[in-house]
Amino acid sequence: MADTDTSGTLDEALERVHGTGPEFEGWLTNHAPMTVEALVRHGQARLVHRWLDAYRHRTEELPGTNTRIDAGNWRELLGDPGHLGDWIAYFTREVAERPWRDVLAEWWPRLLPGITGGSTHPVIRTGHAVRTLLADGDSAPRTAELGHALGYWAARHQPLAAPTTLAGAAGPEEALAAVPAVPDPHGGIRARFAQLPATAGWPAAASALRRPEGPEEARGTLTALVEAAVARYPHHAQGGPVMLVHAATAPNAVLRTLPALPRELWAPSLAAAWEASAAVTAAYAPARPAEAVPAGRATLDEAFEQAALHGDAHAIKLADTALDTGGPAALAAVARACELIEPAG
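Straight run, no breaks: the sequence shown in the numbering used here ends on number 379.
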């Protein structure tokens with residue numbers, strides 16, 4: 035559990051963030067809640083308010099409400115970003131009135147099919163929120179953050195037109211290596227995802243990962259998937275240094291959430307995490323892998339500090355996930371992100 039001062043810094047930061055919406059300029063993601071959680075988690079709390087001050091110009095006000103979501107209308111409003119403020123209000127009420135684990139367990143299987151919506155940011159934000167609640171305990175700002183994250187996910191819920199399955203014999207490293215690139219490497223992530231049904235080799239690759247035999251194997255495979263995505267990043271990041279971060283951070287968000295979920299949801303969680311990682315990998319695969327990549331800092335703490343001082347939200351979040359995996363590949367991934375992603379400010 036974080037010490038009182040650190041927890042206080044995070045709560046203060048989340049209270050600042052909750053006056054803003056999860057998006058700006060129409061659909062770009064507000065990375066502040068995820069970034070400040072990672073900074074606090076890894077000993078960089080001193081940078082949090084300075085980082086928020088520098089990021090403030092990107093944020094917009096929290097969207098207003100116009101419809102009360104309830105048991106009778108949620109299905110028709112799921113995936114409607116026009117009700118973003120309504121969804122956030124709904125989940126903010128839910129986590130205030132009910133145990134947050136109960137809300138999460140009820141809604142997790144409903145939201146998983148839309149894991150790639152919002153460029154996978156909603157599930158990533160959810161993973162950061164759950165990690166804080168599990169590690170540091172409840173507080174009003176922390177439970178509210180889970181409400182904001184789930185509301186964002188519900189509003190941006192969007193299943194892939196070409197979903198994946200777990201029906202092969204491959205492990206994560208082999209399965210990711212077999213993912214084909216979309217034919218037209220231009221446009222945003224939604225335009226690239228739309229190409230998946232017609233991408234040669236996608237159906238076979240999308241079903242290549244081995245189905246787990248039980249919850250523990252699902253967790254082990256998910257751990258290996260995160261490790262494989264981090265290890266791939268230094269050699270493939272040139273295809274999209276910002277967006278390919280999500281091939282690792284999205285499945286890691288799912289992995290962080292598993293301890294708060296019933297075990298019967300672990301295998302479906304792996305399946306969704308695989309879909310997110312495989313789809314992002316296909317969308318931003320480079321023409322060829324890089325042979326020479328930076329070695330990275332000597333320790334993981336030094337690597338995270340490098341990312342924190344670099345200041346970009348994606349570099350910080352990749353470093354946060356890399357610290358979970360460890361090893362030379364993690365150090366190289368952080369160094370590569372700091373090399374290719376434009377520093378903040």
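We put the beta carbon where it would ideally sit given N, CA and C, even for glycine.
Quiz item: Going by Cα to Cα distance, which pick from F227, E71 and P197 is closest to T160?
Solution: E71
Practice problem: Please state whether DSSP places A204 in a helix, a strand or coil. | Solution: strand
Quiz item: Measuring CA to CA, which of R190, T166, H191 and A188 is closest to E179?
Solution: T166
Self-check item: Own chain partners of A215 with C-beta closer than 7 angstroms, once the 5 adjacent residues on each side are dropped
Solution: A316 and A319
Quiz item: Would you call A312 buried or exposed, if buried means 16 or more other Cβ atoms sit within 10 Å of its Cβ?
Solution: buried
Practice problem: Tell me whether M35 is buried or exposed, calling it buried when 16 or more other Cβ atoms sit within 10 Å of its Cβ. | Solution: Legend: pLDDT at M35 = 38, less than 50; position of this residue unreliable, no value from coordinates given.
Quiz item: Nearest-angstrom Cα distance between A412 and Y186?
Solution: The structure shown has nothing for residue 412, since the chain only spans 35 to 379.
Practice problem: Mark W142 as exposed unless 16 or more other C-beta atoms lie within 10 angstroms of its C-beta, in which case mark it buried. | Solution: Buried is the call here.
Quiz item: Per DSSP, F125 forms a beta bridge with which residues?
Solution: In the DSSP output, where bridge partners are listed per residue, F125 has none listed.
Self-check item: Contact under 8 angstroms by Cβ, A282 with A310
Solution: Going by C-beta atoms, A282 is not nearer than 8 angstroms to A310.
Practice problem: Entirely within the region 173 to 201 and at least 4 residues each: give me those alpha helix (DSSP H) ranges in chain order. | Solution: 174 to 190
Quiz item: Which residue's Cα is closest to the Cα of I375: G273, R322, V288 and A321?
Solution: G273
Exercise. Would you mind sorting P206 into buried or exposed? The rule is 16 or more other CB atoms within 10 Å of its CB.
Key: buried
Exercise. Take A265 and list the residues in its own chain whose beta-carbon comes closer than 7 angstroms to its own, dropping the five residues that flank it on each side.
Key: Close CB contacts of A265 within its chain, under the 7 angstroms cut and outside five residues either way in sequence, are with A363 (chain order).
Quiz item: Taking the alpha helix (DSSP H) that T355 falls in, what are its first and last residues?
Solution: A347 to T359
Practice problem: Write down the C-beta distance between P328 and E373 rounded to the nearest angstrom, noting that I regard them as a contact closer than 8 angstroms. | Solution: 6 angstroms
Quiz item: So, using beta-carbon positions, are A252 and P246 closer together than 8 angstroms?
Solution: yes
Quiz item: What residues in its chain sit with their C-beta under 7 angstroms from that of R290, if we drop five residues either side in the sequence?
Solution: G161, V164 and R165
Quiz item: Under three-state DSSP, which class holds I298?
Solution: A small correction: the amino acid at residue 298 is Glu; Ile does not occupy that position in the sequence shown. E298 falls in the helix class under three-state DSSP.
Exercise. Give the secondary structure of L62 by DSSP, where H, G and I count as helix, E and B as strand, and everything else as coil.
Key: L62: strand per DSSP, three-state reduction.
Quiz item: For R165 and chain D, any beta-carbon pair shorter than 8 angstroms?
Solution: In the displayed structure, chain D is absent; only one protein chain is listed.
Quiz item: Since T54 sits in a beta bridge, which residues does DSSP pair it with?
Solution: E95
Quiz item: What number of angstroms, rounded off, separates the C-alpha of I350 from the C-alpha of A342?
Solution: 6 angstroms
Quiz item: Can you tell which of P249, A212, L146 and G171 has its C-alpha closest to the C-alpha of L184?
Solution: L146
Quiz prompt | One or two residues paired with R244 in a DSSP bridge | solution = G202
Exercise. Taking all protein chains shown into account, decide if R50 is buried (16 or more other Cβ within 10 angstroms of its Cβ) or exposed.
Key: buried
Quiz item: Using a Cβ-Cβ cut-off of 6 angstroms (strictly less than) and excluding sequence neighbours within five positions of L334, which residues of its own chain qualify?
Solution: L357
Exercise. May I ask which residues mark the beginning and end of the alpha helix (DSSP H) holding D335?
Key: L334 to H344
Quiz prompt | Neighbourhood of A369 by C-beta distance below 8 angstroms, restricted to the same chain and skipping five residues each side | solution = P268, V327, P328, A329, G330, R331, A337 and Q340
Practice problem: Using beta-carbon positions only, say whether G181 and E128 come within less than 8 angstroms of one another. | Solution: yes
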